[in-house]
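Only one structure is covered here, and it is reproduced in the block below.
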Amino acid sequence: MPEVPIPDLPAAGPSAELWHLWLPLTLGALAVYLLLPRPKNYSRVAGGIAAGAALLAAGGFLLRVNVVTPEVLLFNAFAAIAIAGGGMMLAQSNPVHAALSFALVVLSSCGLFLLQAAPFLMAATIIVYAGAIVVTFLFVIMLAQQAGRSNADHRSREPLLATIAGFVLLGAILYLLNVHYDTSSLDAWLARLHEAAEQPTIEQMAAMVAPEDGVLDLTQLGTARTAPVGFLNRPDVKERSPMEKWEEAWFAKDREALRKVLLDLEESVRETRDTFGSMKPSLRARPLSPFAGGANGLAEREAGEVAPGKLPAENPAYLGRTLFTDYLIAVELAGTLLLVAAIGAIAITHRREEETR
Amino acid sequence: MSPVAMLHNYLVVGAILFALGIIGFLARRNLILMFLSAEMMLQGVAINLVAFARYRGNLQGQAFVLFMLTVAACEAGIALALILMLYRNRKSLDVSLWKDLGEAGQELEDEEPLAPEAPEPPLPKLTPTGHEPTPHEPVTRG
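The structure is reproduced here in structure tokens:
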């Protein structure tokens, strides 16, 4: 059984301080509420200071950074510019300035794509989004609002409720991110099972995993949040549940059977941790074609290769091969969708000429 | 840094962009800016997908982002067509005009007056260079 390396997460589980989450969220909500456009704006300086403090707090508390490499510095720069551009898009009353801030968001998120080994996506997004969509919108604004700023652009609809709604959602997402990646209880259990299987006597085994009268206590596998419900009930795990087999072996005082039960349990817990806690694909998933890199790409790549093919020249080649083998139907449907959208756009805006009688 | 920590960082950035997009969609009154906020939500999701593609080491996430780009382009086309129709009807890009879908020509009530715009800077006064010759004056040199 291959040893899967346990990832080293810095201590940030559900028991980490909650104010790590509250502080950037409240600062951000305050900044956005102050900066949304109003007929008589709140002090822009105060909003800017709150926004800067929110960015710093988010960078310090929400991100997990423990080394300083060029990649991390670039990531921080691009992320900060993207979020600042998003905030500026909310705050600008002139619609042209807001559209240009959106172009800045797109450019910095393309920088993030480049850091994630996606050079083709970077180029495609810049061409399509920043090049076509934003320019089209600027044309529409130019044609529709020749005064530059209208009465409506200085006002916001329900700024307080919108801010609360957005930041409550953000808080929920960030909280779940912190909780969901915490496999520490599963890891601890794995280590304990492994050690117990090595013990020479039944009593020492029981001391480790079944301290109370030889009853295997599986509730230690963590709270309901970090351990999946019913993973032991999967039909393909084994014919009988580990509890029954443990009890049978316990009453028979059979050390080898007990050890086998522990090893089986360890294997199923390891597979659960791999598929549940660390987001690795299940080993039973249907694999993708070799052009896509396979479903277990990370396990197959030990040498630090992050994507199929040599970057950046081969990324479009592999992407093309993936699209036309694994996702062929989706490609055809996307083409049909583009055709229908073009026809629809023309059909919607076609001026119907009045019949002259 | 471990791959999981890097993945976590990218997911945080994606979530923040998504939330900012939601706030922009709910708070802005210009139809174009509402649509741009929706596009910003799509950018946040794209960052998520590409981060997972890097984490898993395959190209699933990147292929999905390509499809998302296609759908976003179609959506932009149709949305602009609809915005154009709405503009033709009311001659404004303000979304609150469509709040009640009532009769045409209704004005909004309870609008706080805008702050007066800053006056335009006065044109600079230049010294005159000389008088222009009238058509009947002979052109003198000197």
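Residue numbers (the working numbering), protein chains in the order written: chain A, 676 to 1032; chain S, 13 to 154.
Where a beta carbon is used, it is the ideal one built from N, C-alpha and C, also for glycine.
Verify whether the separation of the beta carbon atoms of residue i and residue j is less than 8 Å.
i              : j              : result
residue 793/A  : residue 39/S   : no
residue 42/S   : residue 770/A  : yes
residue 702/A  : residue 725/A  : yes
residue 1002/A : residue 75/S   : yes
residue 783/A  : residue 808/A  : no
residue 829/A  : residue 768/A  : yes
residue 62/S   : residue 796/A  : yes
residue 1019/A : residue 44/S   : no
residue 48/S   : residue 774/A  : yes
residue 29/S   : residue 73/S   : no
residue 730/A  : residue 766/A  : no
residue 738/A  : residue 699/A  : no
residue 922/A  : residue 869/A  : no
residue 93/S   : residue 1024/A : yes
residue 1013/A : residue 82/S   : yes
residue 815/A  : residue 95/S   : yes
State buried or exposed for residue i, treating a residue as buried only when at least 16 other CB atoms are found within 10 Å of its CB.
i              : result
residue 920/A  : buried
residue 820/A  : buried
residue 142/S  : exposed
residue 904/A  : Unreliable placement is indicated for residue 904/A, whose pLDDT of 42 sits below 50; no coordinate value is reported for it.
residue 27/S   : buried
residue 1007/A : exposed
residue 1026/A : exposed
residue 972/A  : Residue confidence is low: residue 972/A scores 46 on pLDDT, short of 50, so the model does not pin down where it sits. No coordinate-derived value is stated.
residue 911/A  : Confidence at residue 911/A is low in this model, with a pLDDT of 48, below 50, so its placement is unreliable and the value that follows should be read with caution. That one is exposed.
residue 694/A  : exposed
residue 997/A  : buried
residue 106/S  : buried
residue 97/S   : exposed
residue 60/S   : buried
residue 20/S   : buried
residue 864/A  : buried
residue 134/S  : exposed
residue 791/A  : buried
residue 988/A  : exposed
residue 719/A  : exposed
residue 742/A  : exposed
residue 817/A  : exposed
residue 140/S  : exposed
Run down chain S in chain order and give the residues with a C-beta less than 7 Å from the C-beta of residue i.
i              : result
residue 999/A  : Here the premise fails: no neighbours, minimum Cβ distance about 10 Å.
residue 812/A  : 44 and 48
residue 929/A  : Result: empty, since nearest Cβ-Cβ is about 39 Å, beyond 7 Å.
residue 993/A  : 71
residue 1002/A : 75
residue 770/A  : 42, 44 and 45
Whose Cβ in chain A lies nearer than 7 Å to the Cβ of residue i?
i            : result
residue 98/S : Within 7 Å Cβ-Cβ: nothing; residue 98/S doesn't reach chain A, min ~10 Å.
residue 40/S : 831
residue 23/S : 852
Measuring alpha carbon to alpha carbon, tell me which residue in the options is nearest residue i.
i             : options                         : result
residue 31/S  : 53/S, 66/S, 62/S and 46/S       : 53/S
residue 876/A : 842/A, 925/A and 864/A          : 925/A
residue 696/A : 714/A, 735/A, 715/A and 717/A   : 735/A
residue 35/S  : 834/A, 932/A and 718/A          : 834/A
residue 846/A : 733/A, 759/A, 758/A and 879/A   : 733/A
residue 68/S  : 102/S, 18/S, 147/S and 139/S    : 18/S
residue 945/A : 866/A, 742/A, 879/A and 715/A   : 866/A
residue 826/A : 108/S, 58/S and 138/S           : 108/S
residue 786/A : 880/A, 759/A and 749/A          : 749/A
residue 841/A : 705/A, 988/A and 1017/A         : 705/A
residue 22/S  : 930/A, 927/A, 990/A and 849/A   : 849/A
residue 839/A : 810/A, 1021/A, 1022/A and 707/A : 707/A
residue 802/A : 873/A, 781/A, 879/A and 716/A   : 781/A
residue 788/A : 754/A, 762/A and 853/A          : 754/A
Name the chain S residues that come within less than 8 Å of residue i, Cβ to Cβ?
i             : result
residue 726/A : Neighbours of residue 726/A on chain S: none; closest Cβ ~11 Å, over 8 Å.
residue 838/A : 35 and 39
residue 756/A : The contacting residues do not exist; residue 756/A stays about 11 Å from chain S at best.
residue 780/A : 29, 52 and 55
Within 8 Å of any Cβ in chain B, is that where the Cβ of residue i sits?
i            : result
residue 52/S : Included in the structure are the protein chains A and S, with no chain B among them.
Check the Cβ of residue i against every Cβ in chain A and list those closer than 8 Å, keeping chain order.
i             : result
residue 57/S  : Per Cβ cutoff of 8 Å: no residues; residue 57/S is ~11 Å from chain A at best.
residue 11/S  : The structure shown does not extend to residue 11/S, since chain S spans only 13 to 154, so no value can be given for it.
residue 141/S : Near residue 141/S there are no residues of chain A at all, since even the closest Cβ is about 34 Å away, more than 8 Å.
residue 92/S  : 811, 812, 815 and 1020
residue 82/S  : 1009, 1012 and 1013
residue 78/S  : 796, 799, 994 and 998
Chain A partners of residue i, CB-CB under 9 Å?
i            : result
residue 60/S : Here the premise fails: no neighbours, minimum Cβ distance about 10 Å.
Using a Cβ cut-off of 9 Å, pull out every chain S residue sitting near residue i, in sequence order please.
i             : result
residue 842/A : 31 and 35
residue 806/A : Going along chain S, no residue has its Cβ under 9 Å from residue 806/A, so there is no contact; the nearest lies around 11 Å.
Which runs of the alpha helix (DSSP H), 4 residues or longer, sit entirely within the region 784-833 of chain A? 794-800 and 809-819
For a minimum of 4 consecutive residues, which ranges assigned as the alpha helix (DSSP H) are wholly contained in the region 696-733 of chain A? 719-732
Counting only runs that start and end within the region 41-116 of chain S, where is the alpha helix (DSSP H) found for 4 or more residues in a row? 43-68 and 72-102
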